[in-house]
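J.:
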Amino acid sequence: MGNLIVQKYGGTSVANADRIMYVAKNILKSHAKGNQMVIVVSAQGHTTDKLMEKARGISSDANRRELDMLLVTGEQQSAALLAMALQSLGHSAVSLNAAQVGIEASSVHFNAQIKKIRTKRMKEELDKGNIVVVAGFQGVNRHGDMTTLGRGASDTTAVAIAAVLEARLCEIYTDVDGVYTADPRIVPKAKKLDSISYDDMLELASSGSGVLHNRAVEMAKRYNVNLVLRSSMSDRPGTMIKEDIGLERLTVSGLAIDRNVARVSVTGLPDRPGVAKSIFSPLADAKLNVDIILLSVGEGDKRDYCFTVHKQDMQAVCEILEANKAEIGYESLNTDENLAKLTIVGAGMAYNAGVAAAMFEALYECGVNIETISTSEIKITVLIDEKHITKAAKTVHDKFEPMFSEDYEETIE
């Protein structure tokens, strides 16, 4: 379907009637150029939070299946309203939820993964001349129950649909006009990138940039989906995310901040094989993600493990570890929620010496202590006190600002 474009609009883009009408007119501009259109929408701004508040007003420990049944209504409202707007402008459109589209997903409520998408219904509606408006963020499990794909996962819905329909382009419309070298609300000197590689974008998304859902980027890379991030508020060109940006590759593409971090310390562990398995296997079974892991030498022949998790998962992690304390054999369990992660990302880092030293120098210059360091070939992450994260981000960005230019050629000395 070479003339097919998939567009995704976030919650801010469809926040009210005026915004929905604006979006509808934007869709019709692309359609008038001879493109078939599939549109994916998020819930209107703050709707998901309001639905969660309603649930908490009934129960502080609501069943996750029922929560998913409630939350999917937000996207379905947006889809129906946008279809109505398109119809009011004289074009035929149809709204579809995940069950009607045929988005098959796993059964993990709140964080399901797309397993398969049946294209028959969408192709039939497109052949009728309809613009297809799909409720994002949701799937249907093998029991026929609705499941949600995680916050921000309407991006993933859009990329998955673009992949299975072999769309020419997938455009992610949001309230920013592209991918920046940092969050411009925190770092005023942040610069917009014309393009960025899948790998760099995936690392930024996974590190807390919040611009794109990380599974959307992963899927776009896997299926070579042409992906563009742009603003629904203006006609400015966005940022192209693609396989290899070649000579445009920057030493450092950008930095990301993640405040949603808690550290769990498991201390006084026996020094024997199988200890790591006894800690992390139960967490994996519970679908709880662990990020930075640090093993250190404790007192005597003891060992200590420290690792980071999402703040909202910290209580569940501690409950599982406490339930398995006898098997794990630890002496104490401690947590710290007053932390944040700062990550610099760039595929070009592998070919330029001194990047890590420059980052550490910047943190020293602004008086910020490093709690933990984690590195890979294309990223460096530090864990610091949350109260210093804004100052640290600005200072580190200033240090690498020359690298954010495509004219930059020299390595750091």
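Heads up, the final residue of the sequence shown is numbered 412 in numbering that gives the first Met the number 0, and it's a clean run with no missing numbers. C-beta atoms are modelled at their ideal positions from N, C-alpha and C, and glycine is treated no differently. Predicted model only: the values in this text are computed from it and were never measured.
Looking at V40: is its Cβ nearer than 9 Å to the Cβ of E74?
T.: In this structure, E74 lies closer than 9 Å to V40 by Cβ.
J.: Please report the straight-line C-alpha distance between A104 and L70, rounded to a whole angstrom.
T.: Distance between the alpha carbons of A104 and L70 is about 16 Å.
J.: Measure from the C-beta of D176 to each C-beta in chain D and report whether the shortest distance is under 9 Å.
T.: Structure shown: chain D not included; a single protein chain is present.
J.: Taking only the alpha-carbon atoms, compute the straight-line gap between L338 and V308 and give it to the nearest angstrom.
T.: Each residue's alpha carbon lies about 11 Å from the other.
J.: R117 to I160, Cα distance in whole Å?
T.: Near 9 Å, if we compare the C-alpha coordinates of I160 and R117.
J.: Only counting runs of 4 or more residues, tell me where the alpha helix (DSSP H) segments fall wholly within the stretch 53-127, in order along the chain.
T.: Whole alpha helix (DSSP H) segments, 4+ residues: 63-87, 97-100 and 119-126.
J.: When you compare only the Cα positions, how much space is there between V93 and L168?
T.: For V93 and L168, the distance between alpha carbons rounds to 21 Å.
J.: How is Y179 classed by DSSP in three states: helix, strand or coil?
T.: The answer is strand: DSSP assigns Y179 an E or B state.
J.: From what residue to what residue does the alpha helix (DSSP H) around E364 run?
T.: Per DSSP, E364 belongs to the alpha helix (DSSP H) from V354 to E364.
J.: Around the C-beta of L294, are 16 or more other C-beta atoms found within 10 angstroms, so that it is buried, or is it exposed?
T.: With fewer than 16 Cβ atoms within 10 Å of its Cβ, L294 is classed as exposed.
J.: Does the stretch 248-259 come close enough to the stretch 347-356 that 3 or more CB-CB pairs lie under 8 Å?
T.: The stretch 347-356 vs the stretch 248-259: in contact.
J.: Counting only the same chain and skipping the five closest in sequence on each side, list residues whose C-beta sits under 6 Å from that of A204.
T.: The residues are L211, N213 and V216.
J.: Taking DSSP's pairing of strands, which residues face Y222 in a bridge?
T.: Note: Y222 sits in no beta bridge, so no partner.
J.: I185: which of S58, T389 and K398 sits nearest, CA to CA?
T.: If we check each option's Cα against that of I185, T389 comes out closest.
J.: Does the structure place the stretch 327-335 close enough to the stretch 261-269 that three or more beta carbon pairs sit under 8 Å?
T.: Taking 8 Å as the limit for Cβ pairs, the verdict is that the stretch 327-335 does touch the stretch 261-269.
J.: Check whether the Cβ atoms of K188 and H396 lie closer than 9 Å to each other.
T.: Contact: yes.
J.: Under 9 Å, do D227 and I278 count as touching if we go by C-beta distance?
T.: At residue 227 the sequence reads Val, which differs from the Asp that was named. Taking 9 Å as the Cβ cut-off, V227 and I278 do not qualify as a contacting pair.
J.: Buried or exposed: which applies to Q311, given that a residue is buried once 16 or more other Cβ atoms fall within 10 Å of its Cβ?
T.: Exposed is the call here.
J.: Whose CA, out of S264, P272 and S91, lies closest to the CA of C305?
T.: Out of S264, P272 and S91, S264 has the C-alpha closest to the C-alpha of C305.
J.: Going by CA-CA distance only, name the one from A152, M218 and D303 that's closest to T47.
T.: The residue with the shortest Cα to Cα distance from T47 is A152.
J.: Have a look at A84, K378, E165 and E326 and flag the residue whose alpha-carbon is nearest the alpha-carbon of N225.
T.: Checked all of A84, K378, E165 and E326; the closest Cα to N225 is E165.
J.: Of the choices E336, T380 and V354, whose alpha-carbon is the least far from that of K386?
T.: Considering only alpha carbons, the answer is E336.
J.: Taking the alpha carbon of N368 as the point to measure from, which residue in M20, K340, I319 and S59 has its own alpha carbon closest?
T.: Considering only alpha carbons, the answer is K340.
J.: Can you give me the start and stop residues for the beta strand (DSSP E) that V263 sits inside?
T.: It spans G253 to P269 - the beta strand (DSSP E) in which V263 sits, taken as one unbroken run.
J.: Under the assumption that I379 contacts I343 (Cβ atoms under 8 Å), give the Cβ distance between them as a whole number of angstroms.
T.: With 8 Å as the limit, I379 and I343 qualify as a contact, their Cβ atoms being about 5 Å apart.
J.: Could you give the residue range of the alpha helix (DSSP H) that holds K24?
T.: Per DSSP, K24 belongs to the alpha helix (DSSP H) from A16 to H30.
J.: My parser needs the alpha helix (DSSP H) runs of 4 or more residues fully inside the stretch 142-199; what are they?
T.: Fully enclosed alpha helix (DSSP H) runs of 4 or longer: 153-163.
J.: With DSSP run on the structure shown, which of helix, strand or coil describes I327?
T.: Looking at I327 - three-state DSSP - the assignment turns out to be helix.
J.: Per DSSP, which one or two residues make a beta bridge with R229?
T.: According to DSSP, which records beta bridges pairwise, R229 is partnered with Y172.
J.: Whole angstroms are fine: how far does the CA of G177 sit from the CA of P236?
T.: Going by the C-alpha atoms only, they are around 8 Å apart.
J.: Kindly list the residues whose CB is nearer than 6 Å to the CB of S373, restricted to its own chain and excluding five residues on each side of it in sequence; keep chain order.
T.: Only I291 and T380 meet the Cβ criterion.
J.: Alpha carbon to alpha carbon, how far is N96 from G44?
T.: If you take the alpha carbons of N96 and G44, they lie about 19 Å apart.
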